[in-house]
Every structure is written in C-alpha cells, then in structure tokens.
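Asks: Take this structure, written in structure tokens, and hold onto it; I'll ask about it next.
There are 2 protein chains.
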Amino acid sequence: MEQIPILKVEGCLLVSIQVDMHDQLAMALQDDLTRRVVQTRARGVMIDISALEIVDSFIGRMLNNIAAMARVLDAVTVVVGMRPAVAITLVELGLTMTGVHTALDVDRGLKLIRTLIARGDAQTGARLATSPN
Amino acid sequence: MEQIPILKVEGCLLVSIQVDMHDQLAMALQDDLTRRVVQTRARGVMIDISALEIVDSFIGRMLNNIAAMARVLDAVTVVVGMRPAVAITLVELGLTMTGVHTALDVDRGLKLIRTLIARGDAQTGARLATSPN
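Going line by line, the protein sequences match chains A and B.
So the first sequence is residues 6 to 138, counted in the working numbering.
So the second sequence is residues 6 to 138, counted in the working numbering.
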C-alpha cells in the first residue's frame, strides 16, 4: 500500500499523510499531486499532517516543494491538522515553510483556500500565514 | 504512527484507510470514531478505501461494525473510493455490507450523506445502497 490517496473535497485536493515518508514516496506523492491538480483543475491542495508527531527538515522541504509546484499550477497549498508539539518544534528549530499556509483543520483549510483564491494569492505568490479566524 | 486520523469535513467525519488493518488498529479506529461522532455531533461518517487493493471479510466486518455503531449514534456511514477490482471481488465472493452505503468519491459521499440525513435514514436503519447520481 505504498501510495498515498488523494481525495477530492469541494473542488480541492486533500492528502492525509499517515505513513512514514521516504524519498521515493515523497517523489511519487509530488508526481501524483501535480497530475491530479492538472486533471481536476483544483485551485487548492490541503495536506493533513495530524498523524505526524514530528515534522523534520525532510518533511518541511517536501511540503515546500509541493506548495511551489502547486503554485506554478495556480493552486494554493494549505497544511492542516498540525499538532501543538509540531508547531512548537518548528518555531524552536527555526524551520520556515515559505509559501505554505496553515489552518487548524480541514474545514478552516477549505475556508482559507476560498479566501486565498478570492484574493488571487495563487498567482501572486503565497506567504506563510495562518487561518484568519 | 499507529493511529488513523479522523478529519472533520463539512460536518462529517472522514477517515482514509491507508495502512494494513489489524485487530488492534480496527478496535482503536472504532473507539476513536465513536468518540468523535459524539464529540462533534457529526451526522455522517465517510470511510475512504481508495488505498485498499483488497477488501476481505475482516475489513468488511470492520466496516459493518463502524456503520452499526455510527447508526446507534444517529449517524450514517458511507464508504467512498472503492476500486473497481474491489467491487468485482465483493460481488463475486458474495460479501455483503449491510448498513453500509457507498459512493464514488468524497464529494458524492457528502451529497449522499446530506440526502440520507434529509430522509432520516440514520434512525430508520440504513441499507446497502449506491449513490443516486
């Protein structure tokens, strides 16, 4: 079962990361996601990391890459479900995720994506931001 | 990472099964799901099985159990993302999933759940049914 399913929810793509990521799986996910963005003409990508206890520089880079690829395909990327401990570690380690937006959960992520699309953020370049509410 | 995340999407709970299920994990998922149904007062549960290449009697029984538990908590259960090969095998083996509705994908699942809730199916008992559209 070495493929991460990509779900279509309300015009956005949703990926829930539950397994340990390694190079090959990350590459496959990037491939699948970019293909699905084009296929479905999705304007938003949500990545749920609620199962992750640790976000290291490898995962951080993968999220950055996905966001960058989605952006050139005119889609915004929102990371949802971050655990409190992960947020603390990210800040303490000074890991930045440029171009990756975050939201508390899927519902807020959907709302944030709609806001960003309305603002035209996908094309003008995204910044690290948290959900406005 | 032995916990399957439960996402809240538009008032429903969404579970994407990506890892091999075993007894203990299935029990934990049932526990978590029922707790979340009560906590969030969700009326619908969606279980994405698009990552599963095989649905055997163990998985079938787990889906039946989840649907039965959700039903007594007044929620409907919809299985989404079934692969064509899985559908063929289910019918050929004569495996029935009583009380489990199915829909093609998450979007149709959400629509089906809304239809079922409007019809009051959670309390009157669900049947094996496919998405109407």
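Even glycine gets a Cβ: it sits at the ideal position worked out from N, Cα and C.
Can you pull the chain B residues whose beta carbon is under 9 Å from the beta carbon of Ile111(A), in chain order?
Replies: It should be noted that the sequence gives Val, not Ile, for residue 111(A). Chain B residues near Val111(A): Leu12, Lys13, Val14, Glu15, Leu19.
Asks: Determine the direct distance from the alpha carbon of Leu98(A) to that of Val14(A), and round the result to whole angstroms.
Replies: Cα-Cα distance, rounded: 33 Å.
Asks: Quick one: which residues of the stretch 80-94 of chain B get their C-beta closer than 9 Å to a C-beta of chain A? List them in chain order.
Replies: Going along the stretch 80-94 of chain B in chain order, one finds Val85, Gly86 with a Cβ nearer than 9 Å to chain A.
Asks: So Ile122(B) and Thr82(B) are supposed to be a Cβ contact under 8 Å. How far apart are they, rounded?
Replies: So it is not a contact: roughly 12 Å between Cβ atoms.
Asks: Could you tell me if Pro89(A) is buried or exposed, where buried requires 16 or more neighbouring beta carbons within 10 angstroms of its beta carbon?
Replies: Label assigned to Pro89(A): exposed.
Asks: Check whether the Cβ of Asp53(A) lies closer than 7 Å to any Cβ atom in chain B.
Replies: Taking Cβ atoms only, chain B reaches closer than 7 Å to Asp53(A), which makes this a yes.
Asks: For Glu7(B), I'd like the list of residues in its chain whose CB is within less than 7 Å of its CB, leaving aside the five on either flank, ordered along the chain.
Replies: Answer for Glu7(B): Leu30, listed in chain order.
Asks: To the nearest whole angstrom, what separates the beta carbons of Ile71(B) and Gln23(A), a pair I think is in contact under 8 Å?
Replies: That belief does not hold up - the Cβ atoms of Ile71(B) and Gln23(A) are roughly 17 Å apart, past 8 Å.
Asks: Quick check: Val42(B) and Ala80(B), are their CB atoms within less than 7 Å of each other?
Replies: Yes, they are a contact pair.
Asks: Locate the alpha helix (DSSP H) running through Asp5(B), then write down its first and last residues.
Replies: Residue 5(B) is absent from the model: chain B starts at 6 and stops at 138.
Asks: Taking Cβ to Cβ, would you say Leu68(B) is nearer than 7 Å to Val20(B)?
Replies: No, these two residues do not count as a Cβ contact at 7 Å.
Asks: Considering Cα atoms alone, identify which of Leu100(B), Leu78(B), Gly49(B) is closest to Lys116(B).
Replies: Of the listed residues, the one whose Cα sits closest to Lys116(B) is Gly49(B).
Asks: Output yes if chain A places a C-beta closer than 7 Å to the C-beta of Ala56(B); else output no.
Replies: True, the Cβ-Cβ gap to chain A drops below 7 Å.
Asks: Helix, strand or coil for Ile9(A), going by three-state DSSP, please let me know.
Replies: Ile9(A): coil per DSSP, three-state reduction.
Asks: Would you verify that the beta carbon of Gln23(B) is, or is not, closer than 7 Å to some beta carbon of chain A?
Replies: Gln23(B) counts as touching chain A.
Asks: Does Thr94(B) come out as helix, strand or coil in the three-state DSSP assignment?
Replies: Note: Thr94(B) maps to helix in three-state DSSP.
Asks: To the nearest angstrom, how far is the alpha carbon of Val60(B) from that of Gly125(A)?
Replies: Roughly 43 Å separates the two Cα atoms.
Asks: Once DSSP output is grouped into helix, strand and coil, what is the label at Val111(A)?
Replies: Here Val111(A) sits in helix by DSSP.
Asks: Less than 7 Å between the C-beta atoms of Leu57(A) and Val111(B), yes or no?
Replies: No, they are not a contact pair.
Asks: CB-CB under 7 Å to Leu78(B), same chain, minus the five flanking residues each way: which ones, in chain order?
Replies: Excluding positions up to five away in sequence, the list reads Thr39, Val42, Val43.
Asks: Could you check the C-alpha separation between Arg179(A) and Leu34(A) for me, to the nearest Å?
Replies: There is no way to answer for residue 179(A), as the model of chain A reaches only from 6 to 138.
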